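Chains as they are written, first to last, in the working numbering: chain A, 6 to 147; chain B, 6 to 147.
Here a beta-carbon is modelled for each residue, glycine too, at the ideal position from N, C-alpha and C.
Bear in mind the structure is a predicted one, so any value in this text is a computation, not a measurement.
Structure record follows, encoded as structure tokens.
Here's what the structure looks like:
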């Protein structure tokens with residue numbers, strides 16, 4: 006019909022293709038999985054849940070800016086004790102540096118002032134002045 | 006140069022585009038996250054690790070066929086006790102049905118005959134004749 010328009014059409018399609026390819030690569034970066042566990046104080050369950058049901062947007066933005074994705078926290082009571090389990094995927098290049106950036110963010114520090122007193126760290130975390138104890142991955146299937 | 010070839014070229018590009026779009030949709034299905042915890046017997050750690058370092062291909066295929074993705078198992082010792090934590094994403098339409106399919110697979114049953122005696126279920130799982138205790142998600146960030 007309008008053969009003169011073909012080169013333009015082809016160019017448009019090419020651009021769309023490149024964008025899609027770029028998105029695909031962006032969606033599948035190198036991923037490292039981090040899982041950790043901590044205790045939750047029984048008297049703080051309601052407050053901890055309330056905080057996380059409506060987490061502060063600035064804190065969430067900082068988490069994403071520090072290359073953390075697919076982040077979940079789960080709760081479980083076992084033999085009268087409460088456990089928190091966290092799972093996230095790290096897609097950045099320097100985990101230590103990104104964690105330092107997060108720790109130096111004033112809004113995140115303010116958030117941790119609310120969450121830290123809810124948690125009951127296990128001995129190995131306590132020794133390092135930390136809240137969460139890292140777990141070891143022993144199986145993964147994509 | 007060869008304007009007569011343009012329609013063919015456009016068709017090829019169109020097909021590639023459709024395939025990519027289909028892949029994108031396939032990659033982003035509706036996801037439900039499942040996390041659970043169980044105990045691991047100290048004397049079985051080495052064997053449990055060995056099994057999972059080289060899991061049986063038929064079992065892995067069945068897991069995938071039952072719409073489970075991004076499946077990890079983590080290990081943690083706390084106060085002398087060993088915990089296993091599992092995390093996976095379900096992308097199917099009927100979780101209960103898929104779990105029944107998995108449970109009725111002879112190769113998976115054979116695998117569980119190896120793994121079950123390694124694990125030390127918590128009371129709430131034991132009551133139901135199960136191994137893993139489900140956890141409750143209280144936070145998620147994509």
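Q. What does residue 140/B reach in chain A if we use C-beta pairs closer than 7 angstroms?
A. 79, 80, 81, 90
Q. Based on the DSSP secondary-structure assignment, which residues constitute the bridge partners of residue 125/A?
A. 44/A
**Q.** Interface flag, residue 18/A vs chain B, CB-CB below 8 angstroms
**A.** yes
Q | CB of residue 94/A within 8 angstroms of CB of residue 20/A, strictly | A | no
Q: Inspect the beta-carbon positions of residue 77/B and residue 140/B and report whether they are closer than 8 angstroms.
A: no
Q. Is the Cβ of residue 96/B closer than 8 angstroms to any Cβ of chain A?
A. no
Q.
Rounding to the nearest angstrom, what Cα-Cα distance links residue 107/A and residue 102/B in this structure?
A. 42 angstroms
Q | Three-way DSSP call (helix, strand, coil) for residue 83/A in this model | A | strand
Q | Proximity to residue 126/B [Cα-Cα], best of 112/B, 86/B, 146/B | A | 86/B
Q: Please report how far the alpha carbon of residue 105/B lies from the alpha carbon of residue 72/B, in whole angstroms.
A: 12 angstroms
Q) Three-state secondary structure (DSSP) at residue 78/A? A) strand
Q) Helix or strand or just coil, what does DSSP make of residue 136/A? A) coil
Q | Against chain A: residues of the region 108 to 120 of chain B by CB proximity under 9 angstroms | A | none
Q | Residues that DSSP places opposite residue 57/A in a beta bridge | A | In the DSSP output, where bridge partners are listed per residue, residue 57/A has none listed.
Q: Look up residue 35/A in the DSSP assignment and say whether it is helix, strand or coil.
A: coil
Q: Tell me whether the beta-carbon of residue 113/B lies closer than 8 angstroms to the beta-carbon of residue 64/B.
A: yes
Q. Name the residues in the region 65 to 78 of chain A whose C-beta lies less than 9 angstroms from a C-beta of chain B; which are they?
A. 65, 68, 69, 73, 74, 75, 76, 77, 78
Q) Among residues of its own chain, excluding the 5 on either side of residue 135/B, which ones have a beta-carbon nearer than 7 angstroms to its beta-carbon? A) 126
Q.
Rounded to whole angstroms, what is the Cα-Cα separation between residue 58/A and residue 133/B?
A. 30 angstroms
Q | Host alpha helix (DSSP H) of residue 65/A (start-end) | A | 62 to 70
Q: Look at the alpha carbon of residue 13/A and the alpha carbon of residue 11/B, and state the distance between them as a whole number of angstroms.
A: 11 angstroms
Q) Can you tell which of 123/A, 137/A, 81/A has the C-alpha that lies nearest to the C-alpha of residue 129/B? A) 81/A
(Q) Check for me: the beta strand (DSSP E) holding residue 143/B runs from which residue to which? (A) 141 to 146
Q | Chain-ordered chain A contacts of residue 38/B [CB-CB under 9 angstroms] | A | 75, 77, 79, 92
Q.
Below 8 angstroms on C-beta distance, what does residue 84/A contact in chain B?
A. 127, 128
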